[in-house]
RNA sequence: GCGGAGGGCCGGAUGACCGCGUGGCAAGGCAGUAAUGCAAUGCCGCGAGGAAAGUCCGGACUCCAUGAGGCGACGGUGCCGGGUAACGCCCGGCGGGGGCAACCCCAGGGAAAGCGCCACAGAGAACAGACCGCCCCGGUCUGCCGGGGUAAGGGUGAAACGGUGGGGUAAGAGCCCACCGGGGGGCUGGCAACAGCGCCCGCAUGGCAAGCCCCACCGGGAGCAAUGCCGAAUAGGGACCGCGCGCGAAGCAAUUCGCAGGGCCGCCUUGCCCCAGCAGGUCCGGGUAGGCAGCUAGAUCCGGUCGGCAACGGCCGGGCCAGAGGAAUGGUCAUCCGCCUUGAAGCAAUUCAGGGUGACAGAAUCCGGCUUACAGGCCCUCCGCGCAG
RNA sequence: CGGGGCGUAGCGCAGCCUGGUAGCGCGACGGUUUUGGGUACCGUAGGUCGGAAGUUCGAAUCUUCUCGCCCCGA
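The following block contains the structure:
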């Protein structure tokens with residue numbers, strides 16, 4: 253086993269993967285919205301990020317996406333399951349202004365709820 | 001000190017831990033037909049802006065089109081001179097307007113080339129015209145009526161066919177005179193826009209060209225998803241080989257003859273030519289997904305010096321300054337800085353402690369401009385008023 | 001990157017080119033008809049014309065800048 257480095261999982265790039273994840277399970281938190289889909293294979297964990305124009309201008313969208321990417325890097329692999337795709341959707345206002353530690357807690361609770 | 005005008009600059013700072021993109025060097029691993037990619041180690045370096053924004057102009061660079069010239073159409077620009085690769089940008093002048101001033105603003109060519117419009121009000125809105133007035137003549141029932149003169153006054157309007165004053169007259173009128181305004185041609189200064197001076201003309205023709213238009217000048221089209229290279233899978237195209245050849249007849253067979261079908265730009269006639277089916281193999285060309293190049297050294301930045309009022313240009317020295325691609329430049333913390341707020345001390349300036357907050361905003365081929373957004377702060381020059389000297 | 005369109009009363013739209021009065025339908029409100037409601041009829045109110053400058057005597061209309069929304073092509 254490799255040392256437990258905090259490492260980024262594979263990032264989704266195809267539009268079809270996002271649409272499939274949006275149609276499957278979803279779990280809302282006060283910081284963001286989590287969408288997830290169990291693929292039929294046992295491949296690696298994949299993750300994607302969505303920040304629409306509702307969040308604000310380009311600076312706001314970038315900041316929201318970076319915060320979501322950071323909490324995914326720090327805590328996703330500990331609670332994720334192989335073969336799943338996860339999509340984190342930013343929320344207007346909350347994703348940027350919410351305290352970072354609370355945002356990390358949101359991810360762990362959302363992951364435990366979405367798996368049951 | 002108070003108030004104001006113009007110009008330039010900064011756009012939080014430092015550090016720690018974790019993380020991202022990219023370049024170079026070192027040593028290799030894996031995947032793929034290939035181009036190339038993927039994961040990962042060590043060291044060194046770099047990593048958003050003044051607007052990166054809006055996409056309003058101008059270019060560079062690629063591809064397409066194009067023999068040259070002229071004319072027309074369409075679009076744009078619009079005082080003069082200069083700067084620039086170019087511009088609708090910038091600088092310096094000129095003219096007009098505003099402000100006590102510093103200074104600011106102006107799409108600022110042509111209205112005797114032509115067409116069109118000028119609502120309502122008003123008598124009349126553009127080859128003038130008489131509603132009320134004023135004056136003269138005639139009539140009269142003494143209320144006024146008719147004819148003529150007049151553009152000074154009233155009234156309307158955004159605008160009424162020069163303005164003010166005097167003379168003159170029945171009342172008036174550039175009818176005459178002075179000044180102002182206007183037009184024409186002349187001289188002087190200036191590269192020019194234009195300005196100044198004196199002469200002539202009593203004055204003849206309002207506004208709108210961001211209405212059509214006229215004049216002068218400029219403009220081929222598309223855009224880095226341009227374009228070039230490498231190129232799977234699937235379908236389709238072409239060449240060759242192989243098997244095979246619509247129906248009937250003859251023949252052991254190769255083959256020969258007859259009769260049909262389809263195509264060759266709408267129809268008919270004639271002539272010529274071509275095509276037929278597949279389940280296969282080899283090769284070729286184009287090319288999608290994908291990948292790479294284009295992709296960052298340039299009308300470049302900084303300093304000095306020279307020319308120029310300036311925009312800017314020449315020369316010398318130094319520097320290398322993001323290159324992503326579902327798109328890196330981030331997260332957390334501490335201290336300092338600025339701002340807001342609460343509490344305490346103090347007459348006050350202020351000090352201490354706690355909390356909150358950090359403007360507008362994110363490169364996407366690259367430059368030169370314009371426009372718009374912006375917390376807070378710094379510097380320089382100038383003007384008016386007040387005070388002191 | 002390039003091109004095009006829209007913004008007018010609560011809603012959907014005319015008016016703009018060719019500048020002077022902002023109008024239509026639905027809806028709202030009030031009244032009549034009805035025992036009541038609906039329907040029908042009559043009447044009424046309601047608009048900074050997305051925003052800001054400019055041209056003009058005068059701007060929803062013309063010009064420039066700006067904000068928001070939508071669509072198309074490579």
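Residue numbers (this note's numbering): 253 to 368. We put the beta carbon where it would ideally sit given N, CA and C, even for glycine.
By Cβ distance, which residues of its chain are closer than 6 Å to residue 338, with the 5 residues on each side in sequence left out?
Start at 1 with the first residue of the first chain, and residue 338 comes out as number 86. Cβ neighbours of residue 338 beyond the five flanking positions: 288 and 299.
Could you have a look at residue 283 and say whether DSSP puts it in helix, strand or coil?
By one-based count along the first chain, residue 283 stands at place 31. Looking at residue 283 - three-state DSSP - the assignment turns out to be coil, as it is neither helix nor strand.
Quick check on the burial criterion: 16 or more other C-beta atoms within 10 angstroms. Buried or exposed for residue 355?
Here residue 355 corresponds to residue number 103 of the first chain, with the count starting at 1. So residue 355 counts as buried.
If you follow the alpha helix (DSSP H) that residue 337 is in, where does it begin and where does it stop?
Taking the first chain and counting its residues from 1, one reaches residue 337 at position 85. Not the alpha helix (DSSP H): residue 337 falls in the beta strand (DSSP E), residues 336–342.
By how many angstroms is the C-alpha of residue 315 removed from the C-alpha of residue 368?
Residue mapping note: residue 368 aligns to position 116 of the first chain, counting from 1. Residue mapping note: residue 315 aligns to position 63 of the first chain, counting from 1. About 31 Å.
Drop a sphere of 10 angstroms on the beta-carbon of residue 362, count the other beta-carbons inside from all chains shown, and report buried for 16 or more, exposed for fewer.
Mapped onto the first chain, residue 362 falls at position 110. Buried, because 16 or more other Cβ atoms sit within 10 Å of the Cβ of residue 362.
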